[in-house]
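Undergrad: The sequence shown begins at 1 in my numbering and counts up by one.
Here you go, one structure.
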Amino acid sequence: MADIEATRAEIVFAWIVFLLIMKNVVLLILLAVLRRRAGVFQAPEDVEQFHGQQYVNENDDWSLSSRVNRCLRNDAEYVPYFLVLYMILFWTWEETSTPPYIQYNHILARTVTYGASYDPVSSSNSLFKIDPLSGKFTLFTPLTNYKAYDVTYDFIHKIFYVFGSEATLEKEAALSVAIVNPFNGTKKYRTITTERYAELFGLRVDSSTGKLYSVQMDDALENPTSIVQIDPSNFIAKRWVNISKASGVQPDSMAIFFNSTVHQYFVTVPYDSDYLVGIDVVKRKIISEITNSNLPAYLCYDNKTNAFYGMEIFQTERGCRLVRLNPYNGTMEILSKDFKDYEPSTGACHEGYYFTMIVEGLDKQNIVTFDLSNKAKIIANKPAQEYLDSFAFVPL
1 MADIEATRAE
11 IVFAWIVFLL
21 IMKNVVLLIL
31 LAVLRRRAGV
41 FQAPEDVEQF
51 HGQQYVNEND
61 DWSLSSRVNR
71 CLRNDAEYVP
81 YFLVLYMILF
91 WTWEETSTPP
101 YIQYNHILAR
111 TVTYGASYDP
121 VSSSNSLFKI
131 DPLSGKFTLF
141 TPLTNYKAYD
151 VTYDFIHKIF
161 YVFGSEATLE
171 KEAALSVAIV
181 NPFNGTKKYR
191 TITTERYAEL
201 FGLRVDSSTG
211 KLYSVQMDDA
221 LENPTSIVQI
231 DPSNFIAKRW
241 VNISKASGVQ
251 PDSMAIFFNS
261 TVHQYFVTVP
271 YDSDYLVGID
281 VVKRKIISEI
291 TNSNLPAYLC
301 YDNKTNAFYG
311 MEIFQTERGC
321 RLVRLNPYNG
331 TMEILSKDFK
341 DYEPSTGACH
351 EGYYFTMIVE
361 GLDKQNIVTF
371 DLSNKAKIIA
381 NKPAQEYLDS
391 FAFVPL
């Protein structure tokens with residue numbers, strides 16, 4: 001933020017200097033024209049008002065250079081007026097345009113967007129740095145022989161987690177986590193220990209505690225779908241809260257909401273129609289249950305606007321749109337236009353923005369950025385060079 005304030009101070013200074021110079025240039029031109037017409041300047045016979053000062057001495061120097069010097073000496077009295085003019089001009093400029101370095105990059109420039117690529121015919125994927133305003137991708141670190149399913153970032157402990165499994169043809173690989181240094185890309189892998197025959201879907205981190213959470217289910221009917229807690233000290237998945245009304249899992253709608261007092265986790269699971277369950281991970285109990293046949297995918301919580309957002313996928317045709325969801329009562333508000341012929345592959349919130357990748361095909365996808373504080377205005381819709389199935393954000 002200091003850089004932005006410095007930039008604004010430089011703009012103020014530049015405007016003041018520019019206006020002072022222009023005033024004196026105009027004055028020089030005016031005096032030159034008068035001198036040419038009159039031949040010479042005559043001192044006033046009695047009193048002349050000049051720049052707010054009275055001159056009564058007939059012997060005063062009224063040459064062109066003397067008058068200009070007097071103007072320069074008295075420029076200080078104009079500074080307050082120039083500041084007022086600057087504020088009017090700057091306010092008008094901000095309201096009628098969207099200079100990215102002021103309106104958007106003050107948040108986005110302090111954050112690196114990371115995305116994990118997904119190629120169904122490849123055994124390897126990559127972690128990319130992404131500029132959502134331009135759509136530019138930069139390879140951050142390769143995930144050789146590793147299939148990435150989800151990514152999440154611990155903002156407090158500054159740990160980046162990539163959830164996936166080692167690609168192997170010999171047997172079903174164990175689920176694991178790639179722990180990535182968000183600043184230099186170094187990584188190490190840790191296997192997640194689960195219950196026998198259990199599978200995990202998705203990964204989220206509660207930064208205030210450092211604990212990881214996922215959705216677990218297995219083939220045994222007596223074992224209900226459950227939220228599991230994963231301790232990053234040993235990566236053992238511990239059954240945390242059972243979800244009895246579940247016949248499957250849809251991990252693309254997971255969201256976690258936490259601050260100093262609230263630790264909540266939401267996940268959509270199939271049970272007749274879609275079923276959104278809210279979990280208090282501290283009290284280890286279900287706090288909300290919503291049944292809806294069309295719950296949004298890629299649900300996330302935005303701390304700046306204090307609301308949940310997701311991508312609603314059309315049921316009767318191919319398409320999607322951004323919506324705001326109240327996960328406690330199920331009410332939904334449409335925020336964006338319809339993206340016909342596109343479906344989302346991922347989505348996430350950060351500091352008043354929602355980012356999503358909408359896909360028409362594996363070789364045609366766009367990254368769309370919404371300003372949630374400004375009626376979900378689309379501030380960028382750029383073609384993306386890679387297909388991504390997860391987003392995360394890392395403060396610089």
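We put the CB at the ideal spot given by N, CA and C, even for glycine.
Using a Cβ distance threshold of 8 Å, determine whether the region 178-190 contacts the region 252-271, with at least three qualifying pairs required.
TA: Contact fails between the region 178-190 and the region 252-271, because fewer than three Cβ pairs, one in each stretch, are under 8 Å apart.
Undergrad: State buried or exposed for isoleucine 334, treating a residue as buried only when at least 16 other CB atoms are found within 10 Å of its CB.
TA: exposed
Undergrad: On the three-pair Cβ rule with 8 Å, is the region 352-363 touching the region 323-332?
TA: no
Undergrad: What did DSSP end up calling leucine 19 once you bin it into helix, strand or coil?
TA: helix
Undergrad: Kindly give me the distance between the Cβ atoms of threonine 305 and leucine 372, rounded to whole angstroms, as I take these residues to be in contact under 8 Å.
TA: Contact holds; Cβ gap of about 5 Å.
Undergrad: Pick from Lys245, Ser208, Phe160, Glu343: whose alpha carbon is nearest that of methionine 311?
TA: Glu343
Undergrad: Could I get the ranges of all uninterrupted beta strand (DSSP E) runs contained in the region 237-296, with 3 residues as the minimum, in chain order?
TA: 237-243, 250-258, 263-271, 273-280, 285-291
Undergrad: Quick check on leucine 175: buried or exposed, where buried means 16 or more other Cβ atoms within 10 Å of its Cβ?
TA: buried
Undergrad: Rounded to whole angstroms, what is the Cα-Cα separation between alanine 198 and histidine 157?
TA: 28 Å
Undergrad: Just tell me which of Tyr213, Lys283, Ser336 has its CA closest to the CA of serine 401.
TA: As shown, the chain starts at 1 and ends at 396. That puts residue 401 outside it, with no answer to give.
Undergrad: Determine the direct distance from the alpha carbon of threonine 144 to that of isoleucine 243, and round the result to whole angstroms.
TA: 35 Å
Undergrad: Helix, strand or coil, according to DSSP, for asparagine 306 in the structure here?
TA: Asparagine 306: coil per DSSP, three-state reduction.
Undergrad: Where does methionine 22 land, buried or exposed, given buried means 16+ other C-beta within 10 angstroms?
TA: Counting other Cβ atoms within 10 Å of its Cβ, methionine 22 stays below 16 and is therefore classed as exposed.
Undergrad: Taking just the CA atoms, how far does alanine 384 sit from glycine 135?
TA: 6 Å
Undergrad: For chain D, check one thing: does any of its Cβ atoms lie closer than 8 Å to the Cβ of phenylalanine 314?
TA: Here there is only one protein chain, and chain D is not present.
Undergrad: Report whether the distance from the Cβ of glycine 310 to the nearest heavy atom of the ligand FMN is below 7 Å.
TA: Of the ligands one can find in the structure shown there are none, so the ligand FMN has no counterpart to examine.
Undergrad: Can you name the residues that DSSP bridges to threonine 138?
TA: Lys129
Undergrad: Runs of 4 residues minimum, wholly inside the region 362-387: which ones carry the alpha helix (DSSP H) assignment?
TA: none
Undergrad: Measure the alpha-carbon distance for valine 228 versus alanine 237 and round it to whole angstroms.
TA: Looking at the backbone, the Cα of valine 228 and that of alanine 237 are separated by about 6 Å.
Undergrad: Starting from the Cα of valine 368, find the closest Cα among Gln315, Ile358, Asn374 and give me that residue.
TA: Ile358
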